[in-house]
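J.:
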Amino acid sequence: MTKTKAKSIKPTAVKHIPQRTCVACGRVRAKRELVRLVRTADGVEVDTSGKKAGRGAYLCPAAGCWEAGLKKGRLEHTLHTALTEDNRERLIKYGKELE
Ligand SMILES: [Zn+2]
7 MTKTKAKSIK
17 PTAVKHIPQR
27 TCVACGRVRA
37 KRELVRLVRT
47 ADGVEVDTSG
57 KKAGRGAYLC
67 PAAGCWEAGL
77 KKGRLEHTLH
87 TALTEDNRER
97 LIKYGKELE
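What follows is the structure, given as structure tokens:
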């Protein structure tokens, strides 16, 4: 009666896949299918490792989403920051090269 029950592993348990929302199109996708952008002291950068500290936002790896997210200010809104023209152009260029 004193025996403590070991943590049972449910056979039906599905591995949890973290999901994120693209700030441009609003589509929910697996985190690894999206590109993370992070706000740093030097502006907004693409976080290829997905591990950089800071406020982050996600975009689909599609030029259309990058343009919409960057030109309509959605990314800035999500990151609570203002992009310099230089920074914006650099990110749009990165988005174009994704396709
Ligand atoms: Zn998208």
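Using our numbering, the first residue of the sequence shown is number 7, and each one after it goes up by one. Positions of the beta carbon are idealized from the N, C-alpha and C atoms, including for glycine.
(1) Report yes if the CB atom of Thr-84 is closer than 8 angstroms to the CB atom of Val-20, and no otherwise.
(2) Leaving out five residues on either side along the sequence, give the residues of the same chain with a beta carbon under 7 angstroms from the beta carbon of His-63.
(3) Please list the terminal residues of the continuous alpha helix (DSSP H) segment that includes Ala-69.
(4) I'd like to confirm the pairing. Which residues does DSSP put opposite Gly-62 in its beta bridges?
(5) Rounded to a whole number of angstroms, what is the C-alpha to C-alpha distance between Ser-55 and Leu-89?
(6) On a CA-only basis, which of Tyr-100, Asp-53, Leu-65 and Thr-18 is nearest Ala-36? Give me that one, please.
(7) By how many angstroms is the C-alpha of His-22 removed from the C-alpha of Val-50?
T.: Result, derived from the coordinates:
(1) No, Cβ-Cβ distance for Thr-84 and Val-20 is not below 8 angstroms.
(2) Note on identity: in this sequence residue 63 is Ala, with His being the wrong assignment. Cβ contact annotation for Ala-63 (same chain, cutoff 7 angstroms, sequence separation greater than five): Val-29, Leu-43, Leu-81, Thr-84 and Leu-85, in chain order.
(3) 69-77 is the span of the alpha helix (DSSP H), which, as asked, contains Ala-69.
(4) In DSSP, Gly-62 forms a bridge with Val-44.
(5) Distance between the alpha carbons of Ser-55 and Leu-89: 22 angstroms.
(6) Taking the Cα of Ala-36 as reference, the smallest distance to any Cα among Tyr-100, Asp-53, Leu-65 and Thr-18 is reached at Leu-65.
(7) Roughly 29 angstroms between the two C-alpha positions.
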